[in-house]
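The structure under discussion appears below in the form of structure tokens.
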Amino acid sequence: MTPRRFGPPWPHLLLGGALLAAFLLTRWVTDPYANDVLTTIGINVILAVSLNLVNGYTGQFSLGHAGFMSVGAYLSAAITLLLGPSILGEDGGTPWAQNALFFGGLLVGGLSAAAAGLLVGIPSLRLRGDYLAIVTLGFGEIIRVIFQNIEPLGGALGLNGIPNYTTVGWTFAIAALTVFVVGCLINSTYGRGFIATHDDEIAAEAMGLNTTRYKVVAFVVGAFFAGLAGGLYGHFKMSITAASFDFTRSIEIVVMVILGGMGNTLGVILAAILLTLLPEVLCPIAEFRMILYALLLIVLMLLRPQGLFNFRRSHR
Amino acid sequence: MEFAQQLLNALSLGAIYALIALGFTMVYGVLRFINFAHSDVFMIGAVVGSLLGNHLPMGTWWGGLACLLAAMAVCALLGVVIERVAYRPLRDAPRLNVLITSIGVSLLIEYLFQNEHVFGAAPRPFPPVFPSVLWQWQGLSISSNQLIVIGVALVLVVALELIVYRTRIGTAMRAISLNPRAAQLVGINPDVVVAFTFALGSALAGAGGVLYALNYQSVEPLMGVMPGLKAFVAAVLGGIGSIPGAALGGLLIGGIETFIGGSQFSTYKDAIAFALLILILLFRPTGLLGRRIPEKV
Numbered sequence: 001m002t003p004r005r006f007g008p009p010w011p012h013l014l015l016g017g018a019l020l021a022a023f024l025l026t027r028w029v030t031d032p033y034a035n036d037v038l039t040t041i042g043i044n045v046i047l048a049v050s051l052n053l054v055n056g057y058t059g060q061f062s063l064g065h066a067g068f069m070s071v072g073a074y075l076s077a078a079i080t081l082l083l084g085p086s087i088l089g090e091d092g093g094t095p096w097a098q099n100a101l102f103f104g105g106l107l108v109g110g111l112s113a114a115a116a117g118l119l120v121g122i123p124s125l126r127l128r129g130d131y132l133a134i135v136t137l138g139f140g141e142i143i144r145v146i147f148q149n150i151e152p153l154g155g156a157l158g159l160n161g162i163p164n165y166t167t168v169g170w171t172f173a174i175a176a177l178t179v180f181v182v183g184c185l186i187n188s189t190y191g192r193g194f195i196a197t198h199d200d201e202i203a204a205e206a207m208g209l210n211t212t213r214y215k216v217v218a219f220v221v222g223a224f225f226a227g228l229a230g231g232l233y234g235h236f237k238m239s240i241t242a243a244s245f246d247f248t249r250s251i252e253i254v255v256m257v258i259l260g261g262m263g264n265t266l267g268v269i270l271a272a273i274l275l276t277l278l279p280e281v282l283c284p285i286a287e288f289r290m291i292l293y294a295l296l297l298i299v300l301m302l303l304r305p306q307g308l309f310n311f312r313r314s315h316r
Numbered sequence: 317m318e319f320a321q322q323l324l325n326a327l328s329l330g331a332i333y334a335l336i337a338l339g340f341t342m343v344y345g346v347l348r349f350i351n352f353a354h355s356d357v358f359m360i361g362a363v364v365g366s367l368l369g370n371h372l373p374m375g376t377w378w379g380g381l382a383c384l385l386a387a388m389a390v391c392a393l394l395g396v397v398i399e400r401v402a403y404r405p406l407r408d409a410p411r412l413n414v415l416i417t418s419i420g421v422s423l424l425i426e427y428l429f430q431n432e433h434v435f436g437a438a439p440r441p442f443p444p445v446f447p448s449v450l451w452q453w454q455g456l457s458i459s460s461n462q463l464i465v466i467g468v469a470l471v472l473v474v475a476l477e478l479i480v481y482r483t484r485i486g487t488a489m490r491a492i493s494l495n496p497r498a499a500q501l502v503g504i505n506p507d508v509v510v511a512f513t514f515a516l517g518s519a520l521a522g523a524g525g526v527l528y529a530l531n532y533q534s535v536e537p538l539m540g541v542m543p544g545l546k547a548f549v550a551a552v553l554g555g556i557g558s559i560p561g562a563a564l565g566g567l568l569i570g571g572i573e574t575f576i577g578g579s580q581f582s583t584y585k586d587a588i589a590f591a592l593l594i595l596i597l598l599f600r601p602t603g604l605l606g607r608r609i610p611e612k613v
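Top to bottom, those sequences are chains A and B.
In case it helps, this note's numbering puts the first sequence at residues 1 to 316.
In case it helps, this note's numbering puts the second sequence at residues 317 to 613.
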């Protein structure tokens, strides 16, 4: 890998800019359609950037990101839906109380997803490459089957009537936070370990790095933000089923990461925006969306494996 | 008797898993990557069988065998084409890139077939191409389909074993698997061998597809996904790269699924297969009959 500059504090600038944008968006975006599209973009950016930490920077190919998302979605929705009425009282509470509850729910969802990430991270101690891909895929499926069988969480019907707490502003603020945390992590001395693990695990190990720990940390942090994204998604769509977090959803996120270029946060953000807008623009061919995704994967791997938005010299 | 009946069901399901697992194992043995598109080749085998079966007289031996052979031939050809177009240009690329490509190929086939102009997402009935008889024997009901599945799988596994261990091309396959560069030095053409491996593995998947559809009597574009994943678990369980391992793993997974399906945990049966996979990889990453391959820097 070419040496990265530690130079200007891009993560900090990005965070400030995005937070400002989030504030402005909340104030001035009133059109419901624009609101929906922007929220979806924000959620997809969180998912893609957090998966990029695992797949791109650390090089641990995970195919179960939607599983972590479902953990966050279900648990945060359970908090606002099941505990909400008793906390907020009869009148539904003030907006402040509602937002506090929402954030409590998001945090619980994110932390549970992080715990699930720890669970997946542990087998990754011994596995690499395609085996790990299969195990994460398996974990995603196991989580799905478990949620489908928990009756208090709606079983196969899922949860409905989740309060609509997600706003464009909150989504963008959390997206900014994700980019900031991942950016800081990667650009810190500690974070070099992720890249070393990616570049050559055996060599990194020989240099005395505890690659296992980096892999687990990447999984836990990635899963935490996926959980937040899941919580936002649940409180945005107002209904969730286990089936909406299946393998296809994971693949959509993987396509964003690959299209943007693994290990290239800015590219991944652009890819997430592009792949959210594309189906909106190409409405008439909506049924061909997944065919298009599949072709994108194949053609990219054949012609431009470093990703569409990666203009750095290939380091392989 | 209940147990014997379940055992018979397990054996016929396991035989199908074994056939698919053999394809995974062979490709992994030669090229060292997981071919995700394998489960969609399986689905195409079933589709070819049903399309041909609708034009043949039902319930005849020659009709059934014609379906089976046609599916195997089409799938073999398809496997070679997929390898030529999508995988060969990536022969020297990192393994992860090939894995991602195979996921792309898999999704492409699935969603193309779900398109209403190609096949449509709705399940279609599979014609009863083979003669269907039900024997009652001491309270055990044995269908001719189950015996056909077990018999065909047995014949194919033995044939595969003979090809790999008794023919020149089989020797070449094993040589490439052991050391691709040295194999090339002694005059083995890797392109021919890899294409042959894909043809063989895909033909087995095609046969598995027809037999599976025969048992469940329906065909749909996503029918390969779950059997494919379970067959992969079977291949890992038996030790990926090993032919007897894949057969053993297939039978074990078929057995576990049948017995859990008949118990109170039936809704969890898909999750249990994956949980098993994770446990195996944790405690015996090389599988039951696999050998450890040292990783070189």
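We put the CB at the ideal spot given by N, CA and C, even for glycine.
With DSSP as the reference, label residue i as helix, strand or coil.
i: GLN322 (chain B); result: helix
i: VAL401 (chain B); result: helix
i: ARG440 (chain B); result: strand
i: LEU406 (chain B); result: helix
i: VAL509 (chain B); result: helix
i: ILE419 (chain B); result: helix
i: GLY365 (chain B); result: helix
i: ASN35 (chain A); result: helix
i: GLN647 (chain B); result: This structure does not reach residue 647 (chain B), given that chain B is present from 317 up to 613, and the question cannot be answered.
i: ASN160 (chain A); result: strand
Output the distance between the C-alpha atoms of residue i and residue j, rounded to the nearest integer angstrom.
i: THR583 (chain B); j: GLY555 (chain B); result: 27 angstroms
i: ASN461 (chain B); j: PHE442 (chain B); result: 13 angstroms
i: LEU292 (chain A); j: LEU159 (chain A); result: 31 angstroms
i: SER86 (chain A); j: GLY93 (chain A); result: 10 angstroms
i: ILE466 (chain B); j: ASN531 (chain B); result: 12 angstroms
i: GLY140 (chain A); j: GLU432 (chain B); result: 29 angstroms
i: ALA97 (chain A); j: TYR333 (chain B); result: 54 angstroms
i: MET359 (chain B); j: PRO537 (chain B); result: 7 angstroms
i: LEU291 (chain B); j: LEU327 (chain B); result: This structure leaves residue 291 (chain B) out entirely; chain B is present only between 317 and 613.
i: ILE398 (chain B); j: ILE46 (chain A); result: 34 angstroms
i: LEU335 (chain B); j: PHE180 (chain A); result: 49 angstroms
i: ALA392 (chain B); j: ARG400 (chain B); result: 12 angstroms
i: GLY64 (chain A); j: PHE352 (chain B); result: 15 angstroms
i: LEU567 (chain B); j: GLU287 (chain A); result: 38 angstroms
i: VAL613 (chain B); j: GLY72 (chain A); result: In this predicted model, VAL613 (chain B) has a pLDDT of only 48, less than 50, meaning its place in the structure is not dependable enough to derive any value.
Smallest Cα separation from residue i: which of the options?
i: ALA218 (chain A); options: A:THR166, A:THR58, A:PRO32 and A:ARG289; result: A:THR58
i: GLY524 (chain B); options: B:VAL364, B:SER448 and B:ALA438; result: B:VAL364
i: ALA337 (chain B); options: B:ILE559, B:ASN413 and B:ALA547; result: B:ALA547
i: TYR214 (chain A); options: A:VAL45, A:ALA173 and A:GLY117; result: A:GLY117
i: ILE464 (chain B); options: B:GLN454, B:VAL449 and B:LEU456; result: B:VAL449
i: ILE150 (chain A); options: A:ALA78, A:TRP28 and A:HIS65; result: A:ALA78
i: SER349 (chain A); options: A:ASP200, A:GLN148 and A:VAL299; result: Nothing about residue 349 (chain A) can be read from this structure; chain A reaches only from 1 to 316.
i: MET342 (chain B); options: B:ILE425, B:GLY577, B:ALA475 and B:LEU516; result: B:LEU516
i: GLY267 (chain A); options: A:ARG304, A:GLY230 and A:LEU308; result: A:LEU308
i: LEU423 (chain B); options: A:ALA223, A:MET290 and A:PRO305; result: A:MET290
i: TRP453 (chain B); options: B:ARG600, B:SER579 and B:GLU318; result: B:GLU318
i: ASN52 (chain A); options: A:LEU127, A:ILE195 and A:ILE146; result: A:ILE195
i: GLY565 (chain B); options: B:ALA589, B:MET542 and B:ILE576; result: B:ALA589
Identify, in the order they occur along the chain, each residue of the same chain with its Cβ nearer than 8 angstroms to the Cβ of residue i, setting aside the five sequence neighbours on each side.
i: ARG404 (chain B); result: ASP507 and VAL510
Who are the Cβ neighbours of residue i in its own chain at under 7 angstroms, not counting the five residues just before and after it?
i: ILE492 (chain B); result: VAL346, ALA499, ILE504, PRO506 and VAL509
i: VAL535 (chain B); result: ALA362, VAL363, SER366, PRO439, ARG440, PHE442 and ALA529
i: THR171 (chain A); result: THR39, GLY42, ILE43 and LEU232
i: ILE258 (chain A); result: LEU297, LEU300 and GLY307
i: VAL29 (chain A); result: ASN35, LEU38 and VAL168
Going along chain E, which residues have a C-beta under 9 angstroms from residue i?
i: PRO601 (chain B); result: Of the protein chains in this structure, namely A and B, none is chain E.
In chain order, what residues of the same chain lie with their CB nearer than 6 angstroms to the CB of residue i, ignoring the 5 residues before and after it?
i: MET388 (chain B); result: ALA519, GLY522 and ALA523
i: PHE349 (chain B); result: ARG411, VAL414 and LEU415
i: TYR165 (chain A); result: PHE102 and HIS235
i: PHE429 (chain B); result: PHE435 and PRO537
i: ARG5 (chain A); result: For ARG5 (chain A), the predicted structure reports a pLDDT of 49, less than 50, and the residue's modelled location is therefore unreliable. The matter cannot be settled from this model.
Could you please tell me which residues of the region 142-175 of chain A, in chain order, have their CB closer than 7 angstroms to any CB of chain B? ILE142, VAL145, ILE146 and ASN149
The region 266-295 of chain A: positions lying closer than 8 angstroms to chain B by Cβ: GLU287, PHE288, MET290, ILE291, TYR293, ALA294 and LEU295
What are the residues of the region 117-140 of chain A that lie near chain B, defined by any Cβ-Cβ distance shorter than 8 angstroms? Going along the region 117-140 of chain A in chain order, one finds PRO123, ARG126, LEU127, GLY129, ASP130, TYR131, ALA133, ILE134, VAL135, LEU137, GLY138 and PHE139 with a Cβ nearer than 8 angstroms to chain B.
Beta carbons nearer than 8 angstroms to chain B: which residues of the region 250-262 of chain A have them? ILE251, VAL254 and ILE258
Check each residue of the region 295-309 of chain A: if its Cβ is closer than 7 angstroms to any Cβ of chain B, include it; give the result in chain order. LEU295, LEU297, ILE298, MET301, LEU302 and PRO305
Members of the region 55-73 of chain A near chain B, C-beta cut-off 7 angstroms: PHE61
Contacting positions in the region 568-600 of chain B - beta carbon closer than 7 angstroms to chain A: Residues passing the 7 angstroms Cβ filter: THR583, TYR584, ASP586, ALA587, PHE590, ALA591, LEU593, ILE594, LEU597 and LEU598.
With 7 angstroms as the C-beta to C-beta threshold (strictly closer), list the residues of the region 412-428 of chain B near chain A in chain order. Look at the region 412-428 of chain B: the residues with a C-beta under 7 angstroms from a C-beta of chain A are LEU412, ASN413, LEU415, ILE416, THR417, ILE419, GLY420, VAL421, LEU423, LEU424, TYR427 and LEU428.
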